[in-house]
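First up is the structure itself, then whatever we jot down about it.
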Amino acid sequence: MRSDPDNAEETVKVLETKDGLRRVRIVRRSDAVFVVRAEEWYQSIFEGEIIAEGWKPIYEKFGLFGTVDLAEREALVSFEWLPHSSRTNA
Numbered sequence: 107m108r109s110d111p112d113n114a115e116e117t118v119k120v121l122e123t124k125d126g127l128r129r130v131r132i133v134r135r136s137d138a139v140f141v142v143r144a145e146e147w148y149q150s151i152f153e154g155e156i157i158a159e160g161w162k163p164i165y166e167k168f169g170l171f172g173t174v175d176l177a178e179r180e181a182l183v184s185f186e187w188l189p190h191s192s193r194t195n196a
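The sequence shown lines up with residues 107 to 196 when you count with this note's numbering.
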């Protein structure tokens, strides 16, 4: 599990596409509520050279969830690009 001390959130589960270009992180906030964070991989290329790359948020609004399982179910229903069989722990 990874934590981010700046905003006191901890990634507890990651659901990823088979090509690895999109993912959903299930995050536990400091108040013990779970949220869904959808992200996609990007690369900025200038004159054939990668100048920046990383994960960027897909700005969608999602609710708050009491458990990891509820957040995961919402992610699987909300994102048609997310395969139901691809589940990994953070």
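Glycine included, every Cβ here is placed at the ideal spot set by N, Cα and C.
Under the three-state reduction of DSSP, Glu178 is assigned to helix. The beta carbon of Gly172 is closer than 6 Å to none in its chain, skipping five residues each way along the sequence. Contact between the segment 114 to 124 and the segment 152 to 165 is absent: fewer than 3 CB-CB pairs across the two stretches fall below 8 Å.
In the DSSP secondary-structure assignment, Phe185 is not bridged to any residue. A Cβ-Cβ separation of about 14 Å leaves Leu121 out of contact with Glu166 under the 8 Å criterion.
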